[in-house]
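One structure below.
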Amino acid sequence: MTHMATTAGQNGSSRNWTFLTNHGHVLLAIARNPTARLRDVADEVGVTERAAQAIVADLEAGGYLRRTRVGRRNEYTVNPSGHFRHPAEADQQVGALLALFTAEPATES
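Encoded structure:
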């Protein structure tokens, strides 16, 4: 599991938040590793395995990914042409976000 930055609240309490939702994190984890077990996806995102299963079901129902059974495992295919769900970004495809976070890092020469 990764560490999240905290922000001090108005009353001195600290709050954890991120720019991406758990749905976005699960989609990215699967885009990076299409044969990952949901247990591993859940650990990477920081949610329970049951929550990861529910998120994958949401993403599949929304057309953002497709699940294929390969032997005893699942393999996922991400649909990069799916559009963001919020009206402010509905004209953008999720493929741009996926490309941003799944691109191979540039190596220094």
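Read the sequence shown against the UniProt record's numbering and you will find it ends at 109, with the numbers running on by one and no gaps.
The beta-carbon is built from N, C-alpha and C at its ideal position, and this holds for glycine as well.
- Straight-line spacing of the CA atoms in tyrosine 76 and glycine 95 works out to 15 angstroms.
- Comparing alpha carbon positions, the residue from Glu60, Thr18 and Arg39 closest to alanine 52 is Arg39.
- With fewer than 16 other CB atoms across the displayed protein chains lying within 10 angstroms of its CB, leucine 20 is exposed.
- Comparing C-alpha distances from leucine 27 to each of Phe84, Arg73 and Val78 shows the shortest one belongs to Val78.
- The Cβ neighbour count for glutamate 89, taken over all protein chains shown within 10 Å, is under 16; the residue is labelled exposed.
- For glycine 63 against glycine 82, the beta-carbon gap comes to about 6 angstroms, under 8 angstroms, which counts as contact.
- Under the DSSP assignment, arginine 67 falls outside any alpha helix (DSSP H), being part of the beta strand (DSSP E) whose first and last residues are 65 to 70.
- Distance from arginine 73 to threonine 35 at the Cβ level is roughly 6 angstroms; contact confirmed, criterion being Cβ atoms closer than 8 angstroms.
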